[in-house]
Amino acid sequence: MNIHEALKTIPNKKKLYFIWKHYIGFDQTKPPKTEAEFLKTVDLKSLSSFVRWERSEEYRALLAILLNTRFDSDLEQIYDSLADKAKNGDEKSIKLLLQIGKDIKSYAKDAAKTLNKNDEVEEDDDLDIG
């Protein structure tokens with residue numbers, strides 16, 4: 025589940041707050057709203073209800089999903105940097121790249137199994153043709 029799918033299950037004002045606080049809106053060309061602009065959008069006078077919500081399990085779960093997504097992006101950048109160093113002959117980078125390669129292949133194999141299971145479930149839609 026990615027952050028956008030997870031946010032679909034959250035009440036609208038909380039969803040808007042999470043998007044505003046963590047700068048995950050779709051239109052990155054617009055400058056982020058100020059606190060006053062955000063409060064006007066959600067028709068509230070203060071952020072206190074949102075600050076309380078930040079201590080909830082629901083908020084922490086959303087934050088974990090968001091940070092996992094960001095980590096994946098960071099990991100891709102680290103991999104690219106490491107691959108460049110390994111290609112230039114850096115021995116530590118070569119060893120680390122080989123280890124990461126094994127881990128990635130293992131993860132990809134597990135991911136393929138998961139995706140195949142999802143495909144099988146979608147194909148069996150319990151419709152009777154008769």
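Be aware that the sequence shown starts at 25, since it is given in this note's numbering, and climbs by one per residue.
Just so you know, even glycine gets a beta-carbon here, dropped at the ideal spot from N, CA and C.
The structure displayed is predicted, hence computed values, not measured ones.
Residue environment, residue i, which counts as buried when at least 16 other CB atoms sit within 10 Å
{"i": "Y131", "result": "exposed"}
{"i": "E122", "result": "The sequence given here places Leu at residue 122; Glu does not occur at that position. Looking at its Cβ environment, which holds fewer than 16 other Cβ atoms inside 10 Å, L122 is exposed."}
{"i": "I27", "result": "buried"}
{"i": "L99", "result": "exposed"}
{"i": "L139", "result": "exposed"}
{"i": "L91", "result": "exposed"}
Neighbourhood of residue i by C-beta distance below 6 Å, restricted to the same chain and skipping five residues each side
{"i": "I118", "result": "A110"}
{"i": "N112", "result": "none"}
Cβ separation of residue i and residue j, assumed to be a contact under 8 Å, to the nearest whole Å
{"i": "A30", "j": "I89", "result": "5 Å"}
{"i": "Y47", "j": "P55", "result": "Not a contact, Cβ separation roughly 10 Å."}
{"i": "V66", "j": "K45", "result": "Going by Cβ atoms, the distance from V66 to K45 rounds to 12 Å, so no, they are not a contact pair."}
Residue from the options whose Cα sits closest to the Cα of residue i
{"i": "Y103", "options": "P56, I128, G113, R84", "result": "I128"}
{"i": "W77", "options": "T93, I34, T58", "result": "I34"}
Same chain, Cβ closer than 8 Å to residue i, neighbours up to 5 away in sequence not counted
{"i": "L106", "result": "S117, L120, L121, I124"}
{"i": "L63", "result": "K69, S70, L71"}
{"i": "E115", "result": "none"}
Same chain, Cβ closer than 7 Å to residue i, five either side skipped, listed in chain order
{"i": "M155", "result": "Any answer about residue 155 is impossible in this case: the structure gives the chain only from 25 up to 154."}
Whether or not the stretch 39-50 and the stretch 63-74 are in contact is what I'm after, with contact meaning three or more pairs of Cβ atoms, one per stretch, closer than 8 Å; do they touch? yes
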